[in-house]
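*Asks:*
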Amino acid sequence: MTKKARLKKLLMNIFLLGMAGLLYGIFVSYTGLAIPCLFRKVTGLLCPGCGVTGMCVALLHLNWKGAFFCHPVLFVLLLPLTAVFICSAAGYVQNGRFRFARWQNLILYVSVAALVIFGVVRNLVRFL
Numbered sequence: 176m177t178k179k180a181r182l183k184k185l186l187m188n189i190f191l192l193g194m195a196g197l198l199y200g201i202f203v204s205y206t207g208l209a210i211p212c213l214f215r216k217v218t219g220l221l222c223p224g225c226g227v228t229g230m231c232v233a234l235l236h237l238n239w240k241g242a243f244f245c246h247p248v249l250f251v252l253l254l255p256l257t258a259v260f261i262c263s264a265a266g267y268v269q270n271g272r273f274r275f276a277r278w279q280n281l282i283l284y285v286s287v288a289a290l291v292i293f294g295v296v297r298n299l300v301r302f303l
C-alpha cells in the first residue's frame, strides 16, 4: 500500500470514528440516554472510564471546566495521548506500521497506571 493510500485510509477511519462519536455525543446531549457502564451495573463501583461520555459531551459544548470535573485524569492526559496518536499515525503513513517509540510507550504505561489509580482512589473516597 502506498503512503497516499495509507493516509487516505487513516483519514477515512478518523473521520468515521469522529462522526460516530459526534452523533453519539449529540444523541446523549439531547436525550440524556447513554450506554451504561457494565462494571458499575455489576459491582456498584465506578470504573476508571466512568465519566468519559460526560467529559466528551462537555468538550463538544466547549465546557472545559465541566469536562475536567467529569473525568479529571483523562482530561489531563488528552494532550499527551493525542501526541502519541499523531506520532504513531505519522509512522503508519510513512512505513505502514503502528510502532511506538520508547517515550510513547512510557506515556501509555503512565496513562494506564494513572487511570487505574484514579479508579481505585475515586472508589475509596466514596467509602470514607
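Residues in the sequence shown are numbered consecutively from 176, following this note's numbering.
From the three backbone atoms N, C-alpha and C, an ideal C-beta is built for every residue, glycine too.
With three or more beta-carbon pairs closer than 8 Å as the criterion, would you say the region 204-221 touches the region 179-196?
*Replies:* no
*Asks:* In whole angstroms, give me the CA-to-CA distance for V300 and P247.
*Replies:* 15 Å
*Asks:* Cβ of V268 less than 9 Å from any chain E Cβ?
*Replies:* Looking at the structure shown, chain E is missing, and only one protein chain is on hand.
*Asks:* Does the separation of the CB atoms of S286 and F275 fall below 9 Å?
*Replies:* no
*Asks:* Should G219 be labelled buried (16 or more other beta-carbon atoms within 10 Å of its own) or exposed?
*Replies:* With fewer than 16 other Cβ atoms within 10 Å, it is exposed.
*Asks:* Run through the region 187-257 for me and flag every whole beta strand (DSSP E) of 3 or more residues, listed as ranges in chain order.
*Replies:* none
*Asks:* Can you name the start and end residues of the alpha helix (DSSP H) that L281 belongs to?
*Replies:* 277-302
*Asks:* So, G200 versus V227, is the Cβ gap smaller than 9 Å?
*Replies:* no
*Asks:* Relative to the C-alpha of G241, which candidate in M230, T177, L249 has its C-alpha closest?
*Replies:* In terms of CA proximity to G241, M230 leads the group M230, T177, L249.
*Asks:* Are the Cβ atoms of Q279 and V251 separated by less than 9 Å?
*Replies:* no
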